[in-house]
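Q: Sending over a structure as structure tokens; questions will come in a sec.
Number of protein chains: 2
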Amino acid sequence: MTSIKDIARLAGVSPSTVSRVLNEREYVRAEVRKRVLDIVKEQGYVQNHVARSMVLRRSFTIGVVIPYLFNMFQRQLFASMEFFLEQQGYKTQFFFLRWSDASEQAFLRRLKSETLDGIIFIHELDNPSIYRYIQERGLPVALCTFEKQEFGFPAVHIEEEASAELAVEYLIQRGHRNIGLITGEHFSFGRQREDGYKRALAAHGLPYTPERTVRVPAYNPEAGRTGMLTLLQRKKPLTAVFAVTDELAIGAIKALSESGLKVPEDMSVIGLDDIDISAFTNPGLTTVRQPIFEMGKKSADLVCEWIAHGRMQGRAELFTATIVERESVRTLT
Amino acid sequence: MTSIKDIARLAGVSPSTVSRVLNEREYVRAEVRKRVLDIVKEQGYVQNHVARSMVLRRSFTIGVVIPYLFNMFQRQLFASMEFFLEQQGYKTQFFFLRWSDASEQAFLRRLKSETLDGIIFIHELDNPSIYRYIQERGLPVALCTFEKQEFGFPAVHIEEEASAELAVEYLIQRGHRNIGLITGEHFSFGRQREDGYKRALAAHGLPYTPERTVRVPAYNPEAGRTGMLTLLQRKKPLTAVFAVTDELAIGAIKALSESGLKVPEDMSVIGLDDIDISAFTNPGLTTVRQPIFEMGKKSADLVCEWIAHGRMQGRAELFTATIVERESVRTLT
DNA sequence: TTGTACGCGTTATCAT
DNA sequence: ATGATAACGCGTACAA
Numbered sequence: 000m001t002s003i004k005d006i007a008r009l010a011g012v013s014p015s016t017v018s019r020v021l022n023e024r025e026y027v028r029a030e031v032r033k034r035v036l037d038i039v040k041e042q043g044y045v046q047n048h049v050a051r052s053m054v055l056r057r058s059f060t061i062g063v064v065i066p067y068l069f070n071m072f073q074r075q076l077f078a079s080m081e082f083f084l085e086q087q088g089y090k091t092q093f094f095f096l097r098w099s100d101a102s103e104q105a106f107l108r109r110l111k112s113e114t115l116d117g118i119i120f121i122h123e124l125d126n127p128s129i130y131r132y133i134q135e136r137g138l139p140v141a142l143c144t145f146e147k148q149e150f151g152f153p154a155v156h157i158e159e160e161a162s163a164e165l166a167v168e169y170l171i172q173r174g175h176r177n178i179g180l181i182t183g184e185h186f187s188f189g190r191q192r193e194d195g196y197k198r199a200l201a202a203h204g205l206p207y208t209p210e211r212t213v214r215v216p217a218y219n220p221e222a223g224r225t226g227m228l229t230l231l232q233r234k235k236p237l238t239a240v241f242a243v244t245d246e247l248a249i250g251a252i253k254a255l256s257e258s259g260l261k262v263p264e265d266m267s268v269i270g271l272d273d274i275d276i277s278a279f280t281n282p283g284l285t286t287v288r289q290p291i292f293e294m295g296k297k298s299a300d301l302v303c304e305w306i307a308h309g310r311m312q313g314r315a316e317l318f319t320a321t322i323v324e325r326e327s328v329r330t331l332t
Numbered sequence: 000m001t002s003i004k005d006i007a008r009l010a011g012v013s014p015s016t017v018s019r020v021l022n023e024r025e026y027v028r029a030e031v032r033k034r035v036l037d038i039v040k041e042q043g044y045v046q047n048h049v050a051r052s053m054v055l056r057r058s059f060t061i062g063v064v065i066p067y068l069f070n071m072f073q074r075q076l077f078a079s080m081e082f083f084l085e086q087q088g089y090k091t092q093f094f095f096l097r098w099s100d101a102s103e104q105a106f107l108r109r110l111k112s113e114t115l116d117g118i119i120f121i122h123e124l125d126n127p128s129i130y131r132y133i134q135e136r137g138l139p140v141a142l143c144t145f146e147k148q149e150f151g152f153p154a155v156h157i158e159e160e161a162s163a164e165l166a167v168e169y170l171i172q173r174g175h176r177n178i179g180l181i182t183g184e185h186f187s188f189g190r191q192r193e194d195g196y197k198r199a200l201a202a203h204g205l206p207y208t209p210e211r212t213v214r215v216p217a218y219n220p221e222a223g224r225t226g227m228l229t230l231l232q233r234k235k236p237l238t239a240v241f242a243v244t245d246e247l248a249i250g251a252i253k254a255l256s257e258s259g260l261k262v263p264e265d266m267s268v269i270g271l272d273d274i275d276i277s278a279f280t281n282p283g284l285t286t287v288r289q290p291i292f293e294m295g296k297k298s299a300d301l302v303c304e305w306i307a308h309g310r311m312q313g314r315a316e317l318f319t320a321t322i323v324e325r326e327s328v329r330t331l332t
């Protein structure tokens with residue numbers, strides 16, 4: 000491969016001069032600059048990124064930590080991040096994490112070996128040692144869709160509890176009293192959204208009945224489907240269900256139709272996230288929208304600013320969720 | 000950061016010895032090896048990946064080229080690749096490409112600067128100069144979901160035409176004669192699937208009527224929706240539609256339900272791909288399954304073997320698609 | 001304004 | 001079996 004030395008030789012200057020030209024330093028005659036640039040173009044020369052990272056001790060790369068089986072919501076989120084990161088001159092390196100300690104350990108090893116400039120988490124980790132390592136090293140970081148109070152990292156997320164409350168409130172306003180909940184066992188947002196559900200019930204003097212809640216091991220459609228089936232099986236009266244993510248809701252709707260129940264005639268369903276596909280389900284899914292694109296941008300901005308200023312810039316960035324009305328909720332009369 | 004020199008000093012040996020231990024070379028006394036390993040563990044030392052890449056002139060990284068707005072099918076594909084690549088000790092670096100020449104140029108620049116060990120394309124590029132560059136450099140490469148005869152790169156894909164034919168054949172067997180087609184303007188698989196559609200019609204002596212074909216600018220649900228609407232508007236008799244991807248099919252079903260038409264009672268719909276979500280639509284989407292997981296694995300294997308043996312290993316790897324029966328197709332009587 | 005020399009962390013080669 | 005040294009490609013301090 001052609002290196003900076005080759006260019007220097009061809010242009011009849013020293014490597015340092017070529018370096019100065021390429022990095023837009025001053026102190027180089029316009030004439031020389033042009034000559035160098037011409038040769039660079041002619042040779043199709045591009046700086047070797049590895050060598051550059053080594054000497055600069057930075058990689059212009061931001062890591063994005065995401066579950067191995069990322070869902071559609073996270074997919075949209077990281078597309079947004081990648082877009083804004085690239086705009087600011089950063090490459091994105093994804094770390095797909097499995098739900099195991101071994102996977103988190105492997106991640107820590109990579110973290111140590113890769114000289115990332117910053118890191119964004121779209122995935123909540125169990126192991127606090129990783130957060131601790133990042134904190135000690137002072138690595139610029141942002142959390143997206145969750146927070147970790149103990150570490151004081153900047154966090155980007157919606158008000159989980161309030162957003163869930165909004166969804167349930169919407170059902171109650173439409174006359175629903177017997178409302179089921181499908182949530183997940185893992186991650187703090189599952190618990191927070193469950194709290195929002197309870198708060199909405201309480202605000203209207205409705206009792207919380209544990210039999211109307213089911214906790215599933217994942218947040219995908221299949222889990223939503225089995226969750227709904229379980230709920231149905233318990234034979235508690237139910238006119239509506241709040242699924243804490245859209246994917247769960249999509250699975251719930253499937254279970255309902257398999258059971259010969261119509262949405263929203265026989266059962267109303269509301270989700271939370273507003274992923275792309277939710278506009279295309281039958282019936283269209285009524286849900287609560289997270290501003291995905293903006294949240295991705297904010298996360299990217301937070302780490303980039305931290306890097307630029309050399310110190311942490313923000314703390315929590317709270318976004319507001321809004322109802323998206325489609326056809327999966329019926330008004331009881 | 001602690002470096003190999005620090006470990007060497009702490010263990011009372013030279014950096015070379017530490018290097019030998021870490022890379023599992025022979026010629027190092029068991030006793031010394033243990034001492035080094037203990038220090039490494041104690042210090043939490045990990046080799047610096049950047050320095051290593053520089054001297055070894057390889058990065059243990061495979062690039063995966065994918066459209067910026069990758070669809071759910073591609074999402075499953077690259078998850079599979081990432082999984083197998085990691086298993087073989089490679090990191091995955093994604094390149095999200097936009098549909099523009101500028102984006103392809105930027106990609107070429109990165110390609111030159113990054114010392115990748117290999118590359119997989121899940122995205123067909125317009126610009127032959129990129130393929131040419133890869134060919135000249137002898138960079139291990141695999142194409143997934145398409146091929147480029149001119150360059151003779153190994154390619155992993157289903158028999159596009161035959162798979163489409165299978166879908167249409169399925170409709171014809173069930174009594175459908177007036178079958179619409181929703182396909183995309185771009186990429187060779189769109190044309191190939193269209194050819195398969197025509198071949199199935201011809202095989203049964205059915206005429207090809209251009210008014211029953213619509214070509215949309217993307218392969219996502221929204222494009223499928225507008226495509227279906229267009230088809231409906233033309234008022235040609237129609238009992239079934241073949242959408243060349245599942246995402247298009249999902250959009251088509253949405254358009255149908257918006258128009259007050261029931262699937263499959265008033266109109267049958269069949270897709271192609273069998274993405275995860277297709278099992279959860281209402282009605283469940285009848286489609287043709289690409290063995291996504293296996294195709295991802297095969298692509299990963301092809302580049303890894305190429306790297307290991309120092310020369311190209313396979314050529315075309317053809318996979319067979321199979322019908323997945325769900326509820327979106329009705330048998331006419 | 002430009003060139004020389006050194007160092008970044010690692011591995012391979014060659015001595016010992 | 002182990003250590004010294006050079007080299008990978010680049011940026012920068014310092015000399016010129």
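So the protein sequences, as listed, match chains L and V.
FYI, in numbering that gives the first Met the number 0 the residues of the first sequence are 0 to 332.
FYI, in numbering that gives the first Met the number 0 the residues of the second sequence are 0 to 332.
No residue lacks a Cβ here, since even glycine has one placed at the ideal position from N, Cα and C.
Which residues of chain L have a Cβ atom closer than 7 Å to the Cβ of V:Asn-22, listed in chain order?
A: On the second sequence, residue 22 of chain V is found 23 positions in, with the first residue counted as 1. Simply none; closest approach about 14 Å.
Q: Do we get a CB-CB distance below 8 Å when we pair L:Ala-199 with the residues of chain V?
A: The residue given as residue 199 of chain L occupies position 200 in the first sequence. By this cut-off, L:Ala-199 is not an interface position.
Q: Listed in chain order, which residues of the region 209-229 of chain L have Cβ atoms closer than 9 Å to some Cβ of chain V?
A: Closer than 9 Å at the C-beta level to chain V, one finds these residues of the region 209-229 of chain L: Asn-219, Pro-220, Glu-221, Gly-223 and Arg-224.
Q: Name the DSSP bridge partner or partners of V:Cys-143?
A: One-based indexing of the second sequence puts residue 143 of chain V at position 144. Per DSSP, the beta bridge partners of V:Cys-143 are V:Val-155.
Q: Please confirm whether V:Gly-250 has its beta-carbon closer than 8 Å to some beta-carbon of chain L.
A: Taking the second sequence and counting its residues from 1, the one referred to as residue 250 of chain V is at position 251. Yes, because at least one Cβ of chain L sits closer than 8 Å to the Cβ of V:Gly-250.
Q: Consult DSSP for L:Ala-239 and reduce its assignment to one of helix, strand or coil.
A: The count along the first sequence starts at 1 and reaches residue 239 of chain L at position 240. The answer is strand: DSSP assigns L:Ala-239 an E or B state.
Q: In the region 63-147 of chain V, which residue ranges form an unbroken alpha helix (DSSP H) of at least 4 residues, counting only runs that do not cross its ends?
A: Within the region 63-147 of chain V, the runs of alpha helix (DSSP H) that reach at least 4 residues and sit entirely inside it are, in chain order, 71-86, 100-112 and 127-136.
Q: Counting C-beta neighbours from all protein chains within 10 Å, is the total for L:Thr-122 16 or more, i.e. buried, or is it exposed?
A: Within the first sequence, residue 122 of chain L is the residue found at index 123, counting from 1. Thr is not the amino acid found at residue 122 of chain L; the sequence shown has His there. Answer is buried; the Cβ neighbour count reaches 16.
Q: Of all Cβ atoms in chain V, is any one closer than 8 Å to the Cβ of L:Phe-279?
A: Numbered from 1 along the first sequence, position 280 holds the residue referred to as residue 279 of chain L. Yes, L:Phe-279 counts as interfacial toward chain V.
Q: Against chain V, with Cβ distances strictly below 8 Å, would L:Val-49 count as a contact?
A: Position 50 of the first sequence holds residue 49 of chain L. It does: the Cβ of L:Val-49 has a partner Cβ on chain V nearer than 8 Å.
Q: Can you pull the chain V residues whose beta carbon is under 7 Å from the beta carbon of L:Met-53, in chain order?
A: On the first sequence, residue 53 of chain L is found 54 positions in, with the first residue counted as 1. Those within 7 Å of L:Met-53 in chain V are Val-49, Ala-50 and Met-53.
Q: Note down, in chain order, every chain L residue with its Cβ under 9 Å from the Cβ of V:Thr-114.
A: Counting from 1 along the second sequence, the entry for residue 114 of chain V is found at position 115. Chain L residues near V:Thr-114: Met-0, Asn-47, His-48 and Val-49.
Q: Give the straight-line distance between the Cα atoms of V:Arg-192 and V:Ala-161, rounded to the nearest whole angstrom.
A: Stepping through the second sequence from its first residue, residue 192 of chain V is reached at position 193. Stepping through the second sequence from its first residue, residue 161 of chain V is reached at position 162. For V:Arg-192 and V:Ala-161, the distance between alpha carbons rounds to 8 Å.
Q: Tell me the rounded alpha-carbon separation between L:Ile-171 and V:Val-45.
A: Working through the first sequence from its first residue, we reach residue 171 of chain L at position 172. Working through the second sequence from its first residue, we reach residue 45 of chain V at position 46. Approximately 56 Å, taken between the alpha carbons.
Q: Leaving aside the five residues before and after V:Gln-312 along the sequence, list all residues of the same chain whose C-beta is less than 6 Å from its C-beta, in chain order.
A: Position 313 of the second sequence, counted from the first residue, corresponds to residue 312 of chain V. Once the five neighbours on either side are set aside, the close Cβ partners of V:Gln-312 are Glu-304 and Trp-305.
Q: Decide if L:Met-0 is buried, meaning its Cβ has at least 16 other Cβ atoms within 10 Å, or exposed.
A: For the purposes of this step, residue 0 of chain L is identified with residue 1 of the first sequence, where counting begins at 1. It counts as exposed.
Q: What's the C-alpha gap between L:Gly-151 and V:Gly-223?
A: For the purposes of this step, residue 151 of chain L is taken as the residue at position 152 of the first sequence. For the purposes of this step, residue 223 of chain V is taken as the residue at position 224 of the second sequence. Their backbone Cα atoms lie some 45 Å apart in a straight line.
Q: Restricting to Cα atoms, I'd like to know which of V:Ala-239, V:Ser-258 and V:Val-12 is closest to V:Gly-174.
A: Locating residue 174 of chain V in the second sequence gives position 175, counting from the first residue. Considering only alpha carbons, the answer is V:Ala-239.
Q: For the region 154-201 of chain V, which segments carrying the alpha helix (DSSP H) assignment without a break, of at least 4 residues, lie completely within its bounds, in sequence order?
A: 159-172
Q: Which chain V residues are close to L:Glu-81, counting only those with a beta carbon under 7 Å from its beta carbon?
A: Here the question's residue 81 of chain L lines up with position 82 in the first sequence. Phe-95, listed in chain order.
Q: Does DSSP put V:Val-17 in a helix, a strand or coil?
A: Looking up residue 17 of chain V in the second sequence gives position 18. DSSP places V:Val-17 in helix when its eight states are reduced to three.
Q: Spell out whether any CB of chain V is found under 8 Å from the CB atom of L:Lys-261.
A: Taking the first sequence and counting its residues from 1, the one referred to as residue 261 of chain L is at position 262. For L:Lys-261, the answer is no, since every Cβ of chain V falls outside 8 Å of its Cβ.
Q: What are the residues in the region 268-293 of chain L lying within 9 Å of chain V by C-beta distance?
A: Among the residues of the region 268-293 of chain L, those with a Cβ less than 9 Å away from any Cβ of chain V are Asp-275, Ile-276, Ala-278, Phe-279, Thr-280, Asn-281, Pro-282 and Gly-283, in the order of the chain.
Q: Do you know offhand how far L:Gly-43's Cα is from L:Ile-119's?
A: Position 44 of the first sequence, counting from 1, holds the residue named residue 43 of chain L. Position 120 of the first sequence, counting from 1, holds the residue named residue 119 of chain L. As the crow flies, the alpha-carbon of L:Gly-43 is around 34 Å from that of L:Ile-119.
Q: Could you tell me which of V:Pro-236, V:Val-215 and V:Asp-265 sits nearest to V:Ile-250, measuring between CA atoms?
A: On the second sequence, residue 250 of chain V is found 251 positions in, with the first residue counted as 1. Note on residue identity: the sequence assigns Gly, not Ile, to residue 250 of chain V. It is V:Val-215 whose Cα lies nearest to the Cα of V:Gly-250.
Q: Listing by chain order, which chain V residues have their CB less than 7 Å from the CB of L:Gln-87?
A: In the first sequence, residue 87 of chain L corresponds to position 88, counting from 1. Within chain V, no residue has its CB atom less than 7 Å from the CB of L:Gln-87, the nearest being about 14 Å off.
Q: So, using beta-carbon positions, are L:Thr-285 and L:Glu-246 closer together than 8 Å?
A: Position 286 of the first sequence holds residue 285 of chain L. Position 247 of the first sequence holds residue 246 of chain L. The answer is no: Cβ separation not under 8 Å.
Q: If you measure beta-carbon to beta-carbon, which residues of the region 65-79 of chain V are closer than 9 Å to chain L?
A: Per Cβ criterion, the list reads Tyr-67, Leu-68, Phe-69, Met-71, Arg-74 and Ala-78.
Q: On a CA-only basis, which of L:Ala-7, L:Ile-322, L:Glu-113 and L:Pro-220 is nearest L:Leu-68? Give me that one, please.
A: Position 69 of the first sequence, counted from the first residue, corresponds to residue 68 of chain L. Selected option, being the one with the closest Cα: L:Pro-220.
Q: Strictly under 8 Å for the Cβ-Cβ distance: is V:Ser-256 near chain L by that measure?
A: As a working note, residue 256 of chain V is residue 257 in the second sequence. Yes, V:Ser-256 lies at the interface with chain L (some Cβ there is under 8 Å from its Cβ).
Q: Do V:Ala-141 and V:Ser-298 have their C-beta atoms closer together than 8 Å?
A: Here residue 141 of chain V refers to the residue found at position 142 of the second sequence. Here residue 298 of chain V refers to the residue found at position 299 of the second sequence. Yes, they are a contact pair.
Q: What are the partner residues of V:Phe-318, as DSSP defines its beta bridges?
A: The residue given as residue 318 of chain V occupies position 319 in the second sequence. V:Ile-157, per the DSSP bridge assignment.
Q: Just the Cα atoms here: how many angstroms apart are L:Gln-73 and L:Ala-320?
A: For the purposes of this step, residue 73 of chain L is taken as the residue at position 74 of the first sequence. For the purposes of this step, residue 320 of chain L is taken as the residue at position 321 of the first sequence. Using only the alpha carbons, I get a separation of about 16 Å.
Q: Evaluate the contact criterion for the region 228-244 of chain L versus the region 262-271 of chain L: three or more CB pairs, one atom per stretch, below 8 Å.
A: yes
Q: With burial defined as no fewer than 16 other Cβ atoms inside 10 Å of the residue's Cβ, what is the status of V:Asp-116: buried or exposed?
A: The residue labelled residue 116 of chain V in the question sits at position 117 within the second sequence. With 16 or more Cβ atoms within 10 Å of its Cβ, V:Asp-116 is classed as buried.
Q: Specify the secondary structure class of L:Asp-272 as computed by DSSP and reduced to three states.
A: Translated into positions along the first sequence, residue 272 of chain L becomes position 273. Looking at L:Asp-272 - three-state DSSP - the assignment turns out to be strand.
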